[in-house]
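Asks: Sharing a structure with you now.
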Amino acid sequence: MKTTFGLTDDLLVYLEQVSVTKTYEKKAVILDAGHYSRNVFFIEQGLVRMFYYKLDKDITHYFFSEQTFAAGTESVFYHKKSMYGIEALEPSTITLIPFDAIAKLASRSIAMNRLIQTILLQALIGFSTRLQSLQFETAQERYQNLMEQHPNILLRAPLGDIASYLGISQQTLSVIRAQR
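Position one of the sequence shown corresponds to residue 0 (numbering that gives the first Met the number 0), numbered consecutively onward.
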């Protein structure tokens, strides 16, 4: 992890010892939807998407790029199968950190508690922003916000994944893009 998140060298060494860093090819499924995982995924390099299935169609829930955490919160925090899967949208290097190791250290480390807080806050902000966007913004506003807040996603993610994230069809996305 390039970013230390305020962790001491000892904590970083421990996390490196218990973690595994893997490289995934484009379109590789890192975590299947409906499966159980106690790992937190730290995106070292690349772009991944969190997705779910609705009526046999996969829908993009969120995008994660470099130096961010992704996790199936149901699995990590509640020991349940996650309805979300994770897929690499481009070649990606991801560190899988066992949450049990983080939780063990959290009992005696404020810095590790801050790491858990960071993971939870990233998830909460992402879910909250997405919900607000889908409930209160037009398709054009959602696209404009994506362009302003995460312009790199528009260059790196397939249009079908962007359309499903925005809650619109690929045809509607094409119309919106043509109006710009």
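All C-beta atoms, glycine included, are put in the ideal place defined by N, C-alpha and C.
Taking the alpha carbon of VAL19 as the reference point, which residue from ASN38, LEU30, LEU10 and LYS25 has its own alpha carbon closest?
Replies: For this step, residue 19 is matched to residue 20 along the sequence shown. Checked all of ASN38, LEU30, LEU10 and LYS25; the closest Cα to VAL19 is ASN38.
Asks: Identify, in the order they occur along the chain, each residue of the same chain with its Cβ nearer than 6 Å to the Cβ of ALA156, setting aside the five sequence neighbours on each side.
Replies: Taking the first residue of the sequence shown as position 1, residue 156 is located at position 157. So the qualifying residues of the chain are LEU88.
Asks: With a threshold of 16 other CB atoms inside 10 Å of the CB of ILE85, please say whether the residue is buried or exposed.
Replies: The count along the sequence shown starts at 1 and reaches residue 85 at position 86. Its Cβ being crowded by 16 or more others within 10 Å, ILE85 is buried.
Asks: Candidates PRO90, ILE93 and ILE118: which alpha carbon is nearest ALA102's?
Replies: Against the sequence shown, residue 102 aligns to sequence position 103. Closest option to ALA102, Cα to Cα, is ILE118.
Asks: According to DSSP, simplified to helix, strand and coil, what is GLU24?
Replies: Position 25 of the sequence shown, counted from the start, is the residue given in the question as residue 24. Three-state DSSP puts GLU24 in coil, outside helix and strand.
Asks: Taking all protein chains shown into account, decide if ASP99 is buried (16 or more other Cβ within 10 angstroms of its Cβ) or exposed.
Replies: Stepping through the sequence shown from its first residue, residue 99 is reached at position 100. Result: exposed.
Asks: Skipping 5 residues on each side, what residues in its chain have a beta carbon closer than 6 Å to that of SER64?
Replies: Translated into positions along the sequence shown, residue 64 becomes position 65. Once the five neighbours on either side are set aside, the close Cβ partners of SER64 are LEU46.
Asks: Which same chain residues end up closer than 7 Å to VAL75 when comparing Cβ atoms and leaving out the 5 residues on each side of it in sequence?
Replies: Position 76 of the sequence shown, counting from 1, holds the residue named residue 75. Correct list, in chain order: ARG37, VAL39 and PHE98.
Asks: Can you tell me which of the three DSSP states SER91 falls into?
Replies: Indexing the sequence shown from 1 puts residue 91 at position 92. Note: SER91 maps to strand in three-state DSSP.
Asks: Given this structure, state the Cα-to-Cα distance separating LEU72 from GLN16, to the nearest angstrom.
Replies: Position 73 of the sequence shown, counting from 1, holds the residue named residue 72. Position 17 of the sequence shown, counting from 1, holds the residue named residue 16. The sequence given here has Thr at residue 72, not Leu. Rounded to the nearest angstrom, the two C-alpha atoms are 23 Å apart.
Asks: How is LYS1 classed by DSSP in three states: helix, strand or coil?
Replies: In the sequence shown, counting from the first residue as 1, residue 1 sits at position 2. Below a pLDDT of 50, predicted positions are generally treated as unreliable, and LYS1, at 48, falls in that range; the measurement from the model is reported next regardless. Coil.
Asks: In chain order, which continuous runs of the beta strand (DSSP E) of length 3 or greater are located wholly inside the segment 53 to 123?
Replies: Runs of the beta strand (DSSP E) inside the segment 53 to 123: 56 to 63, 67 to 69, 84 to 87 and 91 to 97.
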